[in-house]
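Numbering (our numbering), first residue to last: 3 to 259. Glycine included, C-beta positions come from ideal geometry on N, C-alpha and C.
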């Protein structure tokens, strides 16, 4: 008697035209589409806008499962079936041609236990797809990430609830899941000053993850909003720390300030 085949767990990243609008405007533009597609989240940074989806499908093979997951998206944006190609050696599939119907530009589907092609390191615990946001500061600038939660159950509702934060922060990049978001921006001053400017109110401050040349200072407000401000001399890695999930690591008090 044949056993039932377990479902293939997969993740997809649908890349959309970034356009000329800023990150907030691009986010507003694509939030309704993300909900229409049943997305897990949306990421927008200085170069890209990605709709992120995950799925579990039973199929004869991993390749067929990926094609089955891709098919509705291919048809929605005008790709031909043959434009979506599975690469057996790396076990992911992607479109090799541009679609006929913007705003989509690229689609990649990957196994849920590995990185999304070009996208970089895993962030957080149990989050799929893997996510990064890029920003390129000068040596004199601080990079900050603000993590907030809002009372919303859809991506469009979350973006609407984020409007006060979007106006205050003017983010260069934003990662949104239903009910929560991470806003990436260039800070104007030190941690305490930034916390006061953003109206975080009373905060508890601390420090987390550090390497040879940088330290990340943190401030957490009473409502749970958390500001991370990264300062140091080394280049900003696109992998520093997670977009949504926060992983704290203790560093020695002797670490130079």
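For the ligand FAD, is there a heavy atom less than 7 Å away from the beta-carbon of residue 171?
Annotation note on the ligand FAD: not contained in the displayed structure, which lists no ligands.
Where does residue 20 sit, in a helix, a strand or coil, going by DSSP?
Along the chain shown, one-based indexing puts residue 20 at 18. Coil, per DSSP.
Is the distance from the Cβ of residue 146 to the Cβ of residue 229 below 8 Å?
In the chain shown, the residue the question calls residue 146 occupies position 144. In the chain shown, the residue the question calls residue 229 occupies position 227. Cβ distance < 8 Å, so residue 146 and residue 229 count as in contact.
Around the Cβ of residue 7, are there at least 16 other Cβ atoms within 10 angstroms (buried) or fewer (exposed)?
For the purposes of this step, residue 7 is taken as residue 5 along the chain shown, with counting starting at 1. Burial call: exposed.
My output table needs one value for residue 156: the three-state DSSP class, helix, strand or coil.
On the chain shown, position 154 is the one that residue 156 refers to. Here residue 156 sits in coil by DSSP.
Which residues does DSSP list as the beta-bridge partners of residue 13?
To locate residue 13, count along the chain shown from 1; it is residue 11. 56 and 112.
Could you say if the stretch 46-58 and the stretch 86-102 meet the contact criterion of at least three C-beta pairs nearer than 8 Å?
At 8 Å Cβ cutoff, the stretches do not touch.
Look at residue 109 and residue 72 and say whether their C-beta atoms are less than 8 Å apart.
Counted from its first residue, the chain shown places residue 109 at position 107. Counted from its first residue, the chain shown places residue 72 at position 70. Yes, these two residues count as a Cβ contact at 8 Å.
Using DSSP with H/G/I as helix, E/B as strand and the rest coil, what is residue 167?
Along the chain shown, read from residue 1 onward, the residue named residue 167 stands at position 165. Correct three-state label for residue 167: helix.
Rounded to a whole number of angstroms, what is the C-alpha to C-alpha distance between residue 25 and residue 190?
As a position in the chain shown, residue 25 is number 23, starting the count at 1. As a position in the chain shown, residue 190 is number 188, starting the count at 1. Rounded to the nearest angstrom, the two C-alpha atoms are 18 Å apart.
Once you ignore the five residues that flank residue 11 on each side, which residues in its own chain have a CB closer than 6 Å to its CB?
Locating residue 11 in the chain shown gives position 9, where the first residue counts as 1. The residues are 58 and 114.
For the candidate residues 193, 195, 227 and 156, whose alpha-carbon lies nearest to that of residue 167?
What you label residue 167 is simply residue 165 of the chain shown in a count that begins at 1. Out of 193, 195, 227 and 156, 227 has the C-alpha closest to the C-alpha of residue 167.
So, helix, strand or coil for residue 25, using DSSP?
Position 23 of the chain shown holds residue 25. Residue 25: helix per DSSP, three-state reduction.
Counting only the same chain and skipping the five closest in sequence on each side, list residues whose C-beta sits under 6 Å from that of residue 149.
The count along the chain shown starts at 1 and reaches residue 149 at position 147. For residue 149, where only same-chain residues beyond five positions count, the Cβ hits under 6 Å are 184 and 228.
Cutting at 6 Å between CB atoms, please list the residues of its own chain near residue 223, excluding the five before and the five after it.
Here the question's residue 223 lines up with position 221 in the chain shown. Hits under 6 Å: 202, 203 and 205.
Rounded to the nearest angstrom, how far is the Cβ of residue 178 from that of residue 23, given a contact under 8 Å?
The count along the chain shown starts at 1 and reaches residue 178 at position 176. The count along the chain shown starts at 1 and reaches residue 23 at position 21. The Cβ separation is near 16 Å, so there is no contact.
Do you know how far the Cα of residue 195 is from the Cα of residue 86?
Working through the chain shown from its first residue, we reach residue 86 at position 84. Working through the chain shown from its first residue, we reach residue 195 at position 193. Cα to Cα, the separation comes out at about 49 Å.
By the three-class DSSP mapping on this structure, what secondary structure does residue 200 have?
For the purposes of this step, residue 200 is taken as residue 198 along the chain shown, with counting starting at 1. Coil.
Counting only the same chain and skipping the five closest in sequence on each side, list residues whose C-beta sits under 8 Å from that of residue 40.
Position 38 of the chain shown, counted from the start, is the residue given in the question as residue 40. So the list reads 55, once near-sequence residues are dropped.
How big is the Cα-Cα spacing for residue 1 and residue 175?
With the chain represented from 3 up to 259, any question about residue 1 goes unanswered, as that position is not in the structure.
Is it buried or exposed, residue 9, if we count other Cβ atoms within 10 angstroms and call 16 or more buried?
The count along the chain shown starts at 1 and reaches residue 9 at position 7. That one is exposed.
Less than 8 Å between the beta carbons of residue 16 and residue 52, yes or no?
Taking the chain shown and counting its residues from 1, the one referred to as residue 16 is at position 14. Taking the chain shown and counting its residues from 1, the one referred to as residue 52 is at position 50. Yes, the Cβ-Cβ distance between residue 16 and residue 52 is below 8 Å.
State the DSSP-derived secondary structure class of residue 45, mapped to helix, strand or coil.
Stepping through the chain shown from its first residue, residue 45 is reached at position 43. Of the three classes helix, strand and coil, the one that applies to residue 45 here is strand, per DSSP.
Is the beta carbon of residue 106 less than 8 Å from the beta carbon of residue 18?
Counted from its first residue, the chain shown places residue 106 at position 104. Counted from its first residue, the chain shown places residue 18 at position 16. Going by C-beta atoms, residue 106 is nearer than 8 Å to residue 18.
Do you know whose CA, among 152, 220, 111 and 159, lies nearest residue 37's CA?
Position 35 of the chain shown, counted from the start, is the residue given in the question as residue 37. Checking every option, the nearest Cα to that of residue 37 belongs to 159.
To the nearest angstrom, how far is it from the Cα of residue 13 to the Cα of residue 32?
Here residue 13 is taken as the residue at index 11 of the chain shown, counted from 1. Here residue 32 is taken as the residue at index 30 of the chain shown, counted from 1. About 19 Å.
In the DSSP assignment, what are the bridge partners of residue 145?
Taking the first residue of the chain shown as 1, we reach residue 145 at position 143. Its beta-bridge partners are 188 and 232.
With residue 95 as the anchor, note down where its beta strand (DSSP E) starts and where it stops.
Here the question's residue 95 lines up with position 93 in the chain shown. Where residue 95 is concerned, the enclosing beta strand (DSSP E) stretches over 94-97.
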